[in-house]
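For reference, the structure discussed in these notes is given below.
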Amino acid sequence: MEVNLTGLTSANTEEDKNPLKMLILGSGPAGLSAALYAARAEIAPLVITGMELGGQAALTHTIENYPGFPEGVGGSQLGDLFQKQAERFGARVEFDSATAVDLSSRPFKVTTYNREYLTESLVIATGASPNRLKIAGEEEFTGKGVSWCATCDGWFFREKDVVVVGGGDSALEEGLFLTRYAKSVTIIHRRDTLRAGAILQNRAFANPKIHFIWNSVITDILGKDAVEAVRLQNVLTGEVTDQPTDGVFIFIGHTPNTQLFKNQLEMDDLGYIKTNMLMETSVPGVYAAGEAADPNFRQVVTSAGMGAAAAMQSIKFLEKLGVD
Ligand SMILES: Cc1cc2nc3c(=O)[nH]c(=O)nc-3n(C[C@H](O)[C@H](O)[C@H](O)COP(=O)(O)OP(=O)(O)OC[C@H]3O[C@@H](n4cnc5c(N)ncnc54)[C@H](O)[C@@H]3O)c2cc1C
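Counting from 1171, one number per residue, gives the positions in the sequence shown under our numbering.
Laid out in structure tokens, this is it:
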């Protein structure tokens, strides 16, 4: 095997001569469910994990709304279970990330940090990444009090005061989780009502550690070596105040990880890949599933369902090609 100076494996491996039947990008619920279905059809899919093993689900402490787990299940535990189940039937999982794709002809070419792959079908399950506030102090204090992951970083805020930015399910779920550690959790929301579901709202309102600041946005994150305060602006009155805090947890939505496919697949204005009911994209043989293609539901169960559907449709495509 020849390895060039960029670390890419050059041609002449068996895989280069014989394209894969199915390559799956992403190891979140959509990617690993696609892998399970393809593996059980004896397609032996290859999953390229990306940097987040288990996807966004692995970032949260407990998932209570994935069926089959009446007591809830740990986010990263669920990812491990998905992976084990897919591997049991022959899926291969590689820790690597796609850096470029060429979908102009089949077999499709996918370049990763480690090598190049050719594949007859492609399932894109690259999910989404958390949005940034894009304000002063956010980059500077990342890892020094600014975080997008309560499960990962909550422990560092024992008996400290933290703020959570956002008003949806994630903001409340993660805010509630942070009350295990923090002395106080102040939820800052730009409106005066929450988007989160009723159960979460009731739990948050009943929790004595949780406070709310309504109709306000953060304009600056302030501090010397670490976060010390956030500057708030009331969107109704314009009043500016500084709120002392030790940590800032940001849960203000997501952007799909689809930049790689720009100008190769049809997308909507927000960058979500357009699919039909069969998870087919604008290029035959390329399927998209989960949050990369779903601006609406964005749940583990819906993403997993889309992943399964994409694999099933891709299997039919391979059958028609005669490469099943
Ligand atoms: C804090 C938090 C709490 C949540 N709580 C819940 C909950 O309680 N219940 C619920 O149902 N949902 C919850 N969600 C939402 C749920 O996690 C997502 O809807 C689900 O994970 C989406 O699955 P996905 O497979 O589409 O994408 P993701 O989970 O986003 O996974 C994307 C995958 O693609 C990979 N990837 C990205 N770029 C590349 C690339 N270039 N090459 C290869 N791979 C790539 C990533 O590494 C990752 O493995 C929560 C989300 C967050 C952030």
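Think of the CB as a built atom: it goes at the ideal place given N, C-alpha and C, for glycine as much as any other residue.
Across the structure, Leu-1273 and Gly-1225 are spaced so that their CA atoms are roughly 24 Å apart.
Taken in chain order, the complete beta strand (DSSP E) segments of 3 or more residues contained in the stretch 1416-1482 are 1417-1420, 1424-1426 and 1456-1458.
Here the stretch 1210-1222 does not lie against the stretch 1400-1414, with fewer than 3 beta-carbon pairs under 8 Å apart. Counted as a single uninterrupted DSSP element, the stretch harbouring Leu-1406 is not any alpha helix (DSSP H), since DSSP gives it neither H nor E. Membership of Ile-1369 in any beta strand (DSSP E) is not indicated; the residue belongs instead to the alpha helix (DSSP H) covering 1368-1376. Contact between Phe-1259 and Ala-1396 fails: their C-beta atoms lie close to 47 Å from each other, not under 8 Å.
When DSSP states are grouped into helix, strand and coil, Tyr-1207 belongs to the helix group. Inclusion of Ile-1233 in the 6 Å shell around ligand 1 follows from its C-beta lying nearer than that to a non-hydrogen atom of the ligand. Its Cα nearest to that of Glu-1398, the residue Gly-1417 stands out among Gly-1417, Gly-1297 and Asn-1446. The three-state secondary structure of Ala-1295, taken from DSSP, is coil. The criterion of a C-beta distance shorter than 7 Å is not satisfied by Glu-1290 and Val-1470. Cβ-Cβ distances below 7 Å link Glu-1461 to Gly-1297, Ala-1298, His-1424, Pro-1426, Arg-1468 and Ser-1473 in the same chain, with the five nearest sequence neighbours on each side left out; the list follows chain order. Going by beta carbons, Ala-1204 and Ala-1481 fall inside the 7 Å limit. Contact check for Tyr-1351 and Trp-1325: beta-carbon distance about 6 Å, within the 8 Å limit, so the pair qualifies. Here Lys-1379 has Thr-1349, Ala-1352, Lys-1353, Ser-1354 and Val-1355 as same chain residues with Cβ atoms under 8 Å from its own Cβ, once five neighbours each way along the sequence are excluded. Taking a contact to require three or more Cβ pairs closer than 8 Å, the stretch 1355-1368 and the stretch 1328-1344 qualify as touching. For Met-1221, no pairing in a beta bridge is given by DSSP.
Pairing Pro-1414 with Arg-1373, the inter-Cα distance amounts to about 25 Å. For the pair of segments examined, the stretch 1245-1261 was found not to touch the stretch 1384-1392: the number of CB pairs separated by less than 8 Å stays below three.
A distance below 6 Å between beta-carbons, with the five flanking residues on each side excluded, links Leu-1216 to the following residues of its chain, in chain order: Leu-1190, Leu-1193 and Arg-1262. From the listed residues Leu-1303, Arg-1285 and Val-1243, the smallest Cα separation to Val-1387 is found for Leu-1303.
A distance below 7 Å between beta-carbons, with the five flanking residues on each side excluded, links Gly-1242 to the following residues of its chain, in chain order: Thr-1232, Ile-1233 and Glu-1234.
Here Ala-1320 carries a helix assignment [DSSP, helix/strand/coil]. Short of 6 Å from the beta carbon of Phe-1278, and not among the five residues preceding or following it, lie these beta carbons of its own chain, in chain order: Thr-1289 and Leu-1292. Within 6 Å of the C-beta of Met-1449 there is not a single heavy atom belonging to ligand 1. Glu-1450 is the residue among Leu-1430, Leu-1488, Phe-1265 and Glu-1450 whose C-alpha sits nearest the C-alpha of Gly-1477.
In this structure, DSSP gives Pro-1277 a state outside helix and strand, which the three-state scheme calls coil. Within 10 angstroms of the beta-carbon of Ile-1294 lie 16 or more other beta-carbons, which makes it buried. At least one heavy atom of ligand 1 is found less than 6 Å from the C-beta of Glu-1222.
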